[in-house]
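Heads up: the sequence lines are chains A and B, in that order.
For this note's numbering, count along the first sequence from 1 and bump the result up by 6.
For this note's numbering, count along the second sequence from 1 and bump the result up by 6.
Below: one structure, written as C-alpha cells.
Protein chains: 2
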Amino acid sequence: MTISRDTPKSLLFKHFARVAQAISHAARIEILDLLAQGEKSVDAVARGSRLTLKNASAHLRILREAALVATRRDGTRIYYRLAEPEVHAVLRAVQGLAERRLAEVREIVRDYFAADGQLEPVTMEELQARLAADDVTLLDVRPPDEYAQGHIPGAISVPLSDLPRHLDTLPRDRQVVAYCRGAYCVLAVEAAALLARTGFTVRRLAHGMPDWAARGFPVERQS
Amino acid sequence: MTISRDTPKSLLFKHFARVAQAISHAARIEILDLLAQGEKSVDAVARGSRLTLKNASAHLRILREAALVATRRDGTRIYYRLAEPEVHAVLRAVQGLAERRLAEVREIVRDYFAADGQLEPVTMEELQARLAADDVTLLDVRPPDEYAQGHIPGAISVPLSDLPRHLDTLPRDRQVVAYCRGAYCVLAVEAAALLARTGFTVRRLAHGMPDWAARGFPVERQS
DNA sequence: CTATTATTCTAAGAATCGTTAGAATATAGG
DNA sequence: CCTATATTCTAACGATTCTTAGAATAATAG
C-alpha cells in the first residue's frame, strides 16, 4: 500500500485512514476481538472466526501492515497479538459509538444480550465486591487457552462446551456469575441460559476479560 | 447499504465495521476534523477540505448514514455537525494509535509540527495557568466563524490570513501562544513561524480547540 | 409563478478491496 | 536431504467504493 505524493496534511490523513480502514471490516473486528483475549496462531484465528485459513491470513496481513497487530514465530507457528492495549480501546470506542448511534445495533443487543427472562448483568465493581466477600462462584466460560493467558482472579475455567458435565460439581447455594470475551460475546449468555434452565441463580458479567484488565482490575495468568 | 441475513454476532460486527468504514477515508477524517470546530454547511465543508461540492456531499452522506454526523436545515443551507462529542474522541484515538504505531506518521509530525527551530508546544495545563496569571497573549488563528462557535476564554481572534496586518497591534513584551484546530492543524504552526520571524517570542498550543473542550476546560461562545 | 441558490440523487467508469486457488517459503523432525 | 506442517505470496475475478457529470429537489426572493 504505497502512499502517493501529496501535502503533508493529506498524507497524514491518509495514514490515519489506513488505520481506520484496517478495522473497517467485520472479519477484522472479530479477529481483533479474539486477539484481545491473548495471542493466537493463524490457524487458531481462522477457527475462532470461521474464516478460511487463507482469508484469515490475508486479513491478518492487513492488520499487521496497519501496525495494529504484532507477531512472533514459535517453530512453524506464527502467533499474532494486539500491538498495544490501546488497539482494543479504539475497538471498544467504535463499538460504543455504534451502539449509541445505530438503532439496529441497539436492537440486536437488546434481543440477544438483554433477553428479558435473564437477570441484569453484573457490573465489574459489583463483581469485585462480591468476590472479596466470597459471595459468588465465578465461571470463565472461554476456551482454556484464553483462560490460561489471563483471567479474573478466583474464576474457574469451565469452557462452555464442558459446562454440561460440570453442572453437578457447582454449588447450588451461591449465585453463579459467568463471563467471557466481552459485551458482544455469546458464550456467557449461553452459559447463563443453560445454568438458569437447570436451576441455578445465574447472572453474567456485563463486559469481558479484556475490559476487566483495561479498567485496571487484577488479572491472573497461568504459568 | 443493506445488511444481509447472518448470525446476530456477525451482523453486529458488520454494523461496527460500517462505523469504522465511515472514518476510513482521508477526506472523511478531514471533514470530521473540520466539523469538530462547529457546524458547517456543505459548501463550507467543501471549501475547508478542498473537495468538490458534489464529492463533499457524497462523503457527508456516508458519514450521515453511519450516524456520525447530524444535520439541520436553515433556509437553503444544510448544516452538518458531529452527532456527539465521542465521535471526535474516536477520531483522536485513531490518530493517536496511528502516531504511536506508524513510523511514517511520526516522521511527518516531526518534520512539520516539531521543527527544531521552534519552541516546545505549550500543554493545556500550562496554558491555563498562564492565562490565570495574565502572562500570555493567546491567539485563535482559525477562521472567525470557528472562533465564534467556541474558543478558549481570553483568546483573541486573529485568523491566519489577517495576522500580517495585526502584527503592529500585538504587545511585544509578552509571550504569544497560538492555537488552531488540533495537533495536526498547520494554522498555528504557520502563525508561530510568521510571528517568530518578526521578532515575537511565540509558542503554539500542542492541541486544538476541540481537545481543550474535550478535556473539560472552559469554552466561550459568541452570542 | 419564475429564478436563484444550496444541496441531493442517479448513474457510470475508474480504482480499490475481498476472497480464494495454486505456488512458494520457513521450520522441525527424521 | 526428505517430508510434513504452518503460513505467506502471487494472481485473478467479482464486489464494493470513489469520483464526477447531469438531472432532480427544496427553500427563498422577487
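Every residue gets a Cβ at the ideal spot worked out from N, C-alpha and C, and that includes glycine.
All values reported here derive from a predicted model rather than from experimental measurement.
Sort V100(B), Y85(B), V93(B), C191(B) by Cα distance to E92(A) and report the nearest one. For the purposes of this step, residue 92(A) is taken as residue 86 along the first sequence, with counting starting at 1. The candidate whose alpha carbon is nearest that of E92(A) is V100(B).
CA-to-CA distance, L97(A) to A33(A), given in whole angstroms: The sequence position of residue 33(A) within the first sequence is 27, counting from 1. The sequence position of residue 97(A) within the first sequence is 91, counting from 1. Going from the Cα of A33(A) to the Cα of L97(A) covers about 13 angstroms.
Residues near I114(B) in its chain [Cβ-Cβ closer than 8 angstroms; skip 5 each side]: The residue given as residue 114(B) occupies position 108 in the second sequence. Result list for I114(B): empty, nothing under 8 angstroms.
Determine, using beta carbons only, whether E110(A) comes closer than 8 angstroms to chain B. For the purposes of this step, residue 110(A) is taken as the residue at position 104 of the first sequence. Yes - at least one Cβ of chain B is within 8 angstroms of the one on E110(A).
Against chain A, with Cβ distances strictly below 8 angstroms, would R187(B) count as a contact? Position 181 of the second sequence, counted from the start, is the residue given in the question as residue 187(B). Output row for R187(B): interface = no.
Please indicate yes or no: does the CB of R87(B) lie closer than 7 angstroms to some heavy atom of the ligand HEM? Summarising the ligand content, the structure contains no ligands, and the ligand HEM is consequently not present.
Is it right to say T143(B) is buried, meaning 16 or more other beta carbons lie within 10 angstroms of its own, or is it exposed? Here residue 143(B) refers to the residue found at position 137 of the second sequence. By the C-beta density criterion, T143(B) is buried, having at least 16 other C-beta atoms within 10 angstroms.
Test: L193(A) CB closer than 8 angstroms to a CB of chain B: Locating residue 193(A) in the first sequence gives position 187, counting from the first residue. Taking Cβ atoms only, chain B never reaches closer than 8 angstroms to L193(A), which makes this a no.
Unbroken beta strand (DSSP E) runs of length 3 or more, entirely within the region 155-188 of chain B: which are they? Fully enclosed beta strand (DSSP E) runs of 3 or longer: 181-185.
Thinking C-beta only, is R53(A) closer than 8 angstroms to Q155(A)? Against the first sequence, residue 155(A) aligns to sequence position 149. Against the first sequence, residue 53(A) aligns to sequence position 47. For Q155(A) and R53(A), no; Cβs fall outside 8 angstroms.
DSSP has A76(B) in a bridge; who is on the other side? Position 70 of the second sequence holds residue 76(B). Paired residues: R87(B).
Quick one: grab the DSSP three-state call for S10(B). Numbered from its first residue, the second sequence carries residue 10(B) at position 4. A caution first: S10(B) carries a pLDDT of 44, below 50, which makes its placement in the model unreliable, though a value can still be read off. In this structure, S10(B) counts as coil in the three-state DSSP scheme.
Report yes if the CB atom of D141(A) is closer than 8 angstroms to the CB atom of I158(A), and no otherwise. As a first step, residue 141(A) is located in the first sequence; it is residue number 135 there, counting from the start. As a first step, residue 158(A) is located in the first sequence; it is residue number 152 there, counting from the start. No, the Cβ-Cβ distance between D141(A) and I158(A) is not below 8 angstroms.
Taking all protein chains shown into account, decide if A184(A) is buried (16 or more other Cβ within 10 angstroms of its Cβ) or exposed. Residue 184(A) sits at position 178 when you count from the first residue of the first sequence. Buried.
For K46(B), would you say it is in contact with chain A, using Cβ-to-Cβ distances shorter than 8 angstroms as the test? As a working mapping, residue 46(B) is identified with position 40 in the second sequence. No, because no Cβ of chain A sits closer than 8 angstroms to the Cβ of K46(B).
Under three-state DSSP, which class holds E71(A)? For this step, residue 71(A) is matched to residue 65 along the first sequence. In the three-state reduction of the DSSP assignment, E71(A) falls in the helix class.
Less than 8 angstroms separating the beta-carbons of Y85(B) and K60(B)? Residue numbering aside, residue 85(B) sits at position 79 when the second sequence is read from its first letter. Residue numbering aside, residue 60(B) sits at position 54 when the second sequence is read from its first letter. Not in contact: Y85(B) and K60(B) (Cβ atoms no closer than 8 angstroms).
Within the same chain, show all residues whose beta-carbon is closer than 7 angstroms to that of C191(A), passing over the 5 residues directly before and after it, in chain order. On the first sequence, residue 191(A) is found 185 positions in, with the first residue counted as 1. The residues are G214.
Closest by C-alpha distance to E105(A), when choosing among A73(B), F119(B), S55(B), I68(B): The residue given as residue 105(A) occupies position 99 in the first sequence. If you compare the alpha carbons of A73(B), F119(B), S55(B), I68(B) with that of E105(A), the shortest gap goes to A73(B).
Could you tell me the distance, in whole angstroms, from the CA atom of F19(A) to the CA atom of T207(B)? Residue mapping note: residue 19(A) aligns to position 13 of the first sequence, counting from 1. Residue mapping note: residue 207(B) aligns to position 201 of the second sequence, counting from 1. Those two C-alpha atoms are separated by around 30 angstroms.
Measure the alpha-carbon distance for A198(B) versus Y118(A) and round it to whole angstroms. Mapped onto the second sequence, residue 198(B) falls at position 192. Mapped onto the first sequence, residue 118(A) falls at position 112. Looking at the two C-alpha atoms, the distance is approximately 54 angstroms.
Would you mind stating whether P216(B) and A42(B) have Cβ atoms separated by less than 8 angstroms? As a position in the second sequence, residue 216(B) is number 210, starting the count at 1. As a position in the second sequence, residue 42(B) is number 36, starting the count at 1. Judged by their CB atoms, P216(B) and A42(B) are nearer to each other than the 8 angstroms cut-off.
Positions along the region 29-41 of chain B whose CB lies within less than 7 angstroms of some CB in chain A: Within the region 29-41 of chain B, the residues whose Cβ lies closer than 7 angstroms to any Cβ of chain A are, in chain order, I29, S30, H31, A32, I35, E36.
By the three-class DSSP mapping on this structure, what secondary structure does R210(B) have? Reading the second sequence from its first residue, position 204 is the one you call residue 210(B). R210(B): strand per DSSP, three-state reduction.
Show which residues of chain A have a CB atom less than 8 angstroms away from the CB atom of L137(B). Locating residue 137(B) in the second sequence gives position 131, counting from the first residue. Ordered by position in chain A, no residue passes the 8 angstroms Cβ test against L137(B), which lies about 28 angstroms from the chain.
Determine the closest residue to M130(B) out of V25(B), H31(B), A212(B), with distance taken between C-alpha atoms. One-based indexing of the second sequence puts residue 130(B) at position 124. Considering only alpha carbons, the answer is A212(B).
Given L133(A) as reference, the closest of P14(A), P224(A), I29(A), S16(A) once Cα atoms are compared: Within the first sequence, the letter at position 127 stands for residue 133(A). Residue P224(A) is the option with its Cα nearest to L133(A).
Determine the closest residue to G222(A) out of P177(A), R178(A), A95(A), R107(A), with distance taken between C-alpha atoms. Residue numbering aside, residue 222(A) sits at position 216 when the first sequence is read from its first letter. Closest option to G222(A), Cα to Cα, is A95(A).
CA-to-CA distance, L200(A) to Q27(B), given in whole angstroms: For the purposes of this step, residue 27(B) is taken as the residue at position 21 of the second sequence. For the purposes of this step, residue 200(A) is taken as the residue at position 194 of the first sequence. Taking the straight line joining both Cα atoms gives about 37 angstroms.
Given this structure, state the Cα-to-Cα distance separating A62(A) from G188(A), to the nearest angstrom. In the first sequence, the residue the question calls residue 62(A) occupies position 56. In the first sequence, the residue the question calls residue 188(A) occupies position 182. A62(A) and G188(A): Cα-Cα distance of roughly 21 angstroms.
Rounded to a whole number of angstroms, what is the C-alpha to C-alpha distance between R112(B) and A23(A)? As a position in the second sequence, residue 112(B) is number 106, starting the count at 1. As a position in the first sequence, residue 23(A) is number 17, starting the count at 1. Going by C-alpha positions, R112(B) is about 15 angstroms away from A23(A).
So that I know if they touch, is there some Cβ in chain B lying closer than 8 angstroms to that of Y118(A)? As a position in the first sequence, residue 118(A) is number 112, starting the count at 1. Taking Cβ atoms only, chain B reaches closer than 8 angstroms to Y118(A), which makes this a yes.
Please tell me whether S167(A) has its Cβ less than 8 angstroms away from any Cβ of chain B. For the purposes of this step, residue 167(A) is taken as the residue at position 161 of the first sequence. Not flagged as an interface residue toward chain B: S167(A), since no C-beta distance is shorter than 8 angstroms.
For a cutoff of 8 angstroms on Cβ pairs, would you count R106(B) as touching chain A? As a position in the second sequence, residue 106(B) is number 100, starting the count at 1. Taking a beta-carbon distance threshold of 8 angstroms, R106(B) counts as an interface residue toward chain A.
Whole-angstrom distance between R178(A) and P14(B), CA atom to CA atom: In the second sequence, residue 14(B) corresponds to position 8, counting from 1. In the first sequence, residue 178(A) corresponds to position 172, counting from 1. Distance from the CA atom of P14(B) to the CA atom of R178(A), rounded to whole angstroms, is 32 angstroms.
Please list, in chain order, the chain A residues whose beta carbon lies closer than 9 angstroms to that of L66(B). Position 60 of the second sequence, counted from the first residue, corresponds to residue 66(B). In chain order: nothing, as chain A lies at least about 16 angstroms away.
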